[in-house]
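Numbering (the UniProt record's numbering), first residue to last: 1 to 307.
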């Protein structure tokens, strides 16, 4: 990369040159920079996959899941295809179709292996690597190779000509070719390392990381809904219990009042008090009636005399 920065500086310096090959050199310099950047993204992504301890542990958990689910059939496997990662989200629960094996996997990982949650941080270079289209990159590298050859041809031609005083074309382009050749050699080495369609390889991990993010959020949403439902259920149970206590209290109070009157009556019957009260009441009633009759007799006008 340091060599490329130097090459880019020389290419920019060549803008002052007129005619012949400067523009072609500048284009080659830009292409080298572009190719190097893309291949560097692939290298960074590869390094992230190889060195991620979180990914390694997650893959071990996935393998254990697979062996458990396939025991008696294809259990005790020593590995699985990376492309199978994205099939985890397609394996749905027979009880709830909204819950997949990925939701359950994340739940287990959060409880048992919380360090695995650093997965996104350790694989932060994956999305950029997944964007690299290897077919287009190879075309660009081939174009770059042809461009460098053309510049070398132009340089050889200019060297065979009589140099004018102050003409720096040969010296500047010669230095550019030297630096660009080293940089292009690095590009070819990187390209040789990434010949197995890295866009598909990194695309699998990129898609899986996105699925993990979505599943984690869905787990959190389901957890919140469950907590809210449990809170409402507790409130309803408490309210129902309170109403039941109030109902029993009212019933006990009513039973207590009725029981008190009955107890008073039994007590009065046993002591004879009720009869004393009734006799006194009867005497009072008779006396009141007699008084009323007497008063009525005195006040009644005499309408007939019997002799």
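Cβ atoms here follow ideal geometry from the backbone N, Cα and C, with glycine treated the same way. Quantities reported herein were computed from a predicted structural model and do not represent experimental measurements.
In chain order, what residues of the same chain lie with their CB nearer than 7 Å to the CB of residue i, ignoring the 5 residues before and after it?
i	result
residue 127	206
residue 219	103, 106 and 107
residue 208	85 and 86
residue 244	none
residue 204	82, 83, 85 and 86
residue 91	100 and 101
residue 129	41, 42, 44, 45, 198 and 202
Look up residue i in the DSSP assignment and say whether it is helix, strand or coil.
i	result
residue 47	helix
residue 91	coil
residue 78	coil
residue 68	helix
residue 131	coil
residue 239	helix
residue 119	helix
residue 234	helix
residue 210	helix
residue 124	coil
residue 161	coil
residue 52	coil
residue 23	Caution is warranted here: a pLDDT of 48 is assigned to residue 23, below 50, making its placement in the model unreliable, and no coordinate value can be reported.
With the cut-off set at 9 Å, would you say residue i and residue j are in Cβ contact?
i	j	result
residue 52	residue 119	yes
residue 85	residue 116	no
residue 98	residue 199	no
residue 202	residue 88	no
residue 102	residue 55	no
residue 100	residue 94	no
residue 34	residue 121	no
So, at 6 Å on beta carbons, what are the nonlocal neighbours of residue i in its own chain, with the 5 sequence-adjacent residues on each side left out?
i	result
residue 125	44, 45 and 48
residue 312	No information on residue 312 is available, as it lies outside the stretch 1 to 307 that the chain covers here.
residue 79	none
residue 225	none
residue 247	none
residue 65	none
residue 282	Caution applies to residue 282, whose pLDDT of 48 falls short of 50 and renders its modelled position unreliable; the value that the coordinates give is listed next. Excluding sequence neighbours, residue 282 sits near nothing in its chain.
residue 229	none
Starting from the C-beta of residue i, find all residues in its chain whose C-beta is less than 8 Å away, skip the five residues before and the five after it, and write them out in chain order.
i	result
residue 70	77
residue 161	none
residue 57	113, 115 and 116
residue 50	none
residue 131	41 and 199
Tell me the residue span of the alpha helix (DSSP H) that contains residue i.
i	result
residue 100	From DSSP, residue 100 is part of no alpha helix (DSSP H); its letter is neither H nor E.
Nearer than 8 Å: is that true of the beta carbon of residue i relative to any heavy atom of the ligand SAM?
i	result
residue 45	Among the components of this structure there are no ligands whatsoever, and the ligand SAM is therefore not found.
Task: Cβ contact check for the segment 203-219 and the segment 94-109: 3 or more pairs under 8 Å - done: yes
Task: Contact between the segment 234-248 and the segment 112-124 (3+ Cβ pairs under 8 Å) - done: no
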